[in-house]
Structures are given as C-alpha cells and as structure tokens.
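Shown next, in structure tokens, is the structure this report addresses.
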DNA sequence: GTGTTTCGCTACCCTAGGTTTCGATACCGA
DNA sequence: TCGGTATCGAAACCTAGGGTAGCGAAACAC
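Residue numbers (the UniProt record's numbering), protein chains in the order written: chain A, 1 to 185; chain B, 1 to 185.
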C-alpha cells in the first residue's frame with residue numbers, strides 16, 4: 001500500500017530558502033531602491049548564490065510577485081456593511097504599501113510590467129485576480145466595478161508613492177476612502 | 001548699436017531635430033513598447049545618430065518628459081464652475097493617455113522614476129508642477145488638495161493602462177469624474 | 001580658404017537580467 | 001562504506017541598453 005505522502009525523492013534535498021529570500025528582497029529594496037536591488041545583491045543578502053534564486057523563480061518579476069504575495073497575505077474582509085469592508089480593504093492596502101520595502105517593490109514591479117506583457121500577465125493573474133475575486137465575493141459587485149475600485153485605490157496610492165517616494169499620509173487615505181465609498185453606495 | 005537678437009554664433013548651426021525626434025519617440029514606443037523603444041531605435045527612426053540625441057537631452061528620461069510635454073501641451077481649463085473645469089481636465093488627460101504611444105511613454109517613464117530619484121525630480125518638477133500650478137490657480141484649491149486630485153485621476157488611469165495595456169474606457173472615465181467631483185464640492 | 005561648431009560613425013564602458021558549466025556537497029539505500 | 005542522484009555555490013559567459021569618447025566630415029560666417 002503506497003504511503004499517503006510519496007517517499008522523498010532521491011538526491012540532495014532542496015534548501016528551504018523562500019523565507020530568507022523574501023526577507024532579503026524587501027530589505028534590499030528598502031535599502032537600495034528597486035532598480036539597484038539586483039538579483040545578485042538579493043541573493044547575497046540571503047546568503048545564497050544567484051543561480052539558486054533562478055532555480056526557484058524564472059525571473060526577477062516572478063520573485064517580486066511571490067515576495068509581495070507573501071508580504072500581503074489575504075485581504076481582511078471584515079465589516080458587516082459593504083462600506084466597512086471597502087474602508088477596511090483600502091486602509092489595509094495603504095498600510096501594506098507603507099511597509100518598508102513593500103511599496104517600492106510593488107511600484108517597481110508594476111513599472112516593469114508596463115513594458116513587459118509577460119510580467120503584466122503574471123501580475124494580473126497571480127497578484128490582482130485573487131484579491132479581485134475575494135472582493136467580488138465579499139461586495140457582490142460585478143467584475144468591472146471591482147476592477148475600477150482597484151484601479152482607483154491602488155492607482156492613487158502608487159502614484160503618490162511613485163511621485164514622492166513616500167507612501168500616502170493617513171489623512172489622504174481617509175480622504176480617498178471618503179471619495180470612493182459614495183460611488184459604490 | 002547691438003541688434004536686439006545677438007548675431008548667430010559661429011560654427012555649424014544645430015539641426016532642428018526636436019519635432020522629428022518627438023514623432024519618432026511616440027511612434028517607436030507605440031510600435032515596440034516602452035522598454036524596447038531604445039534611444040538608438042528612436043534616433044534611427046528620426047534619421048539621426050544616437051549621439052545627436054544625447055547632445056540634446058542628457059538622458060532618456062529627459063527626452064521622454066520633453067516628448068510628453070510636447071504631446072500634452074497646456075491643460076484646457078475651460079468651464080465656468082470648478083466642476084466643469086475638473087471634468088474637462090480629467091477627460092482631457094484620459095484622452096491624451098489614450099493617444100497612440102502617449103500612454104505607454106507616460107507609464108514607462110513613470111515606472112522608471114520609481115527607482116530613479118533624479119528622474120522622479122525631473123518628472124515632478126518639469127511635468128507635474130506646471131499642471132499643478134495651473135490647477136491650483138484655476139480651482140482655488142491648496143497644493144495638497146490638487147496633488148491629491150492628480151494622484152487619483154492620473155493614478156487610476158495609469159493603473160488601468162499598466163494592468164491591461166489598454167487605456168480606460170470612456171464609461172469608466174465618466175465614473176471616475178463622478179467619483180472625484182463630489183469630493184471637491 | 002580659415003575658424004568654429006555640429007554632425008554621423010564607431011568603438012567602448014558599465015550595469016543588470018539571465019544562462020551555462022562544473023566541481024563540491026547532502027541525502028538515500030545497499 | 002560506497003554508489004546514485006539531485007542540489008548547491010562559484011565563476012565565466014551572453015545579450016541588451018544607457019551613456020560616453022574620439023575622430024573625420026560637413027555646414028556655416030568672414
């Protein structure tokens with residue numbers, strides 16, 4: 001009778017480097033900015049070789065997306081009313097973008113995606129879609145409305161980050177919430 | 001008596017290449033996307049040498065910003081009410097971003113600016129500030145409110161462009177206007 | 001023609017993403 | 001303890017693109 005978990009495959013087992021690489025990615029991006037956070041530097045910060053990074057992730061974009069997925073986690077969808085849910089979600093993503101390294105990495109990979117259709121596909125599918133689906137479910141809004149919601153919320157936060165290098169201040173996040181909510185009443 | 005216009009300086013006069021380079025920039029970006037629209041390709045499309053481009057513009061970012069300034073021109077600030085002015089401005093920038101090559105170039109240079117403080121300074125000073133000042137004057141709003149307005153309008157449009165590769169559809173631009181206007185009532 | 005400046009061209013430097021190669025290492029089973 | 005297998009690290013390498021340097025040719029004024 002075959003065991004439920006197949007026997008470990010032969011050969012040297014892979015080292016568990018994901019957590020270390022994610023941490024190294026964020027700290028390197030925070031310290032040097034997105035463009036100068038090269039894969040080589042990230043690998044060095046994680047204490048592994050560059051080739052090992054490329055054995056796990058096919059491209060820098062894939063690595064950053066995975067790192068962001070790890071850093072963001074699932075959207076909190078607390079709140080009984082749709083207004084509460086949307087407000088919670090906006091404050092949550094604003095706070096995440098404000099975390100050290102996260103906003104830079106997000107804006108950077110988004111930037112790269114503009115002129116790289118393959119990366120755009122990765123970003124839309126692996127990053128945006130899960131949040132879009134969760135929001136569609138929680139809000140009961142059609143896809144195009146949720147996409148519009150994401151465009152406005154995320155776009156505004158990233159534009160501020162990109163233009164000033166600093167995340168949006170709390171007062172402006174509150175204003176953003178107050179601007180968006182009535183449009184979905 | 002010295003002439004009002006100083007005599008032409010000695011030596012071979014500079015060729016007037018700005019118009020040709022701007023046209024070549026937009027068409028090349030439209031055809032190949034921002035990242036593959038290299039300075040060398042743009043120069044070739046304009047029928048000049050790469051070195052001549054770098055004699056006019058110190059970096060690719062400077063070139064793109066100049067090209068965008070040329071493509072955008074001044075904001076139309078028509079309308080008697082502030083609501084009319086803001087609505088006109090949003091539709092105007094949405095239309096500009098929808099023009100072939102313009103949206104790609106805008107999103108691309110914005111992307112590069114994320115991890116390049118020097119380029120970010122250029123973008124904020126030479127591109128955003130003139131429009132910000134004109135809007136402050138026309139709307140009678142303080143700087144931080146106009147910056148917030150720009151973040152929401154431009155950020156939403158660029159996020160849509162970056163995520164889908166297509167400019168925002170008219171219906172969504174209308175929704176954007178209807179979302180923003182009440183917040184500035 | 002002479003002086004001055006810009007032009008195009010070529011070669012070059014540097015960085016960074018990504019690949020290839022190869023010897024060293026870790027694990028399993030016999 | 002030894003063989004089989006797969007991974008690791010290190011280094012060399014390729015390609016693309018931003019940006020620079022040097023040089024002879026061309027365009028103007030005088």
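Ideal placement from N, C-alpha and C gives every residue a C-beta, glycine not left out.
Secondary structure of residue i, DSSP reduced to three states
i	result
residue 111 of chain B	helix
residue 78 of chain B	coil
residue 192 of chain A	Outside the displayed span of chain A (1 to 185) sits residue 192 of chain A, for which this structure offers no information.
residue 84 of chain A	helix
residue 116 of chain A	coil
residue 132 of chain B	helix
residue 121 of chain B	helix
residue 101 of chain B	coil
residue 89 of chain B	helix
residue 95 of chain A	helix
residue 8 of chain B	coil
residue 126 of chain A	helix
Contact test: residue i Cβ vs the ligand GTP heavy atom, cutoff 7 Å
i	result
residue 129 of chain B	Absence of the ligand GTP from the depicted structure is noted, as is the absence of any ligand whatsoever, leaving it without description.
6 Å Cβ shell around residue i - same chain, five flanking residues per side excluded
i	result
residue 63 of chain B	57
residue 170 of chain B	none
residue 100 of chain A	30
residue 119 of chain B	61, 112 and 113
residue 33 of chain A	none
Contact set for residue i: own chain, Cβ-Cβ below 8 Å, skip 5 residues either direction
i	result
residue 123 of chain A	61, 65, 109, 110 and 113
residue 166 of chain A	160
Same chain, Cβ closer than 7 Å to residue i, neighbours up to 5 away in sequence not counted
i	result
residue 83 of chain A	181
residue 154 of chain B	93
residue 138 of chain A	77 and 85
May I have a chain-ordered list of the alpha helix (DSSP H) segments no shorter than 4 residues that lie completely inside the region 135-185 of chain B?
-> Complete alpha helix (DSSP H) runs here, min 4: 143-164 and 170-180.
Within the chosen definition, does the region 105-115 of chain A reach the region 155-169 of chain A through at least 3 CB pairs nearer than 8 Å?
-> Here the region 105-115 of chain A lies against the region 155-169 of chain A, with 3 or more beta-carbon pairs under 8 Å apart.
Three or more beta-carbon pairs under 8 Å between the region 71-78 of chain A and the region 130-147 of chain A, yes or no?
-> yes
Does the region 85-101 of chain A come close enough to the region 164-178 of chain A that 3 or more CB-CB pairs lie under 8 Å?
-> Enough Cβ pairs lie closer than 8 Å, so yes.
What are the uninterrupted segments assigned as alpha helix (DSSP H) that are 4 or more residues long and contained completely in the region 17-75 of chain A, given in chain order?
-> Counting whole runs of 4 or more residues, the region 17-75 of chain A contains the alpha helix (DSSP H) stretches 18-32, 39-46, 50-56 and 60-72.
State whether the region 13-28 of chain A contacts the region 45-57 of chain A, with contact taken as three or more CB pairs (one from each stretch) at a distance under 8 Å.
-> Yes: at least three Cβ pairs fall under 8 Å.
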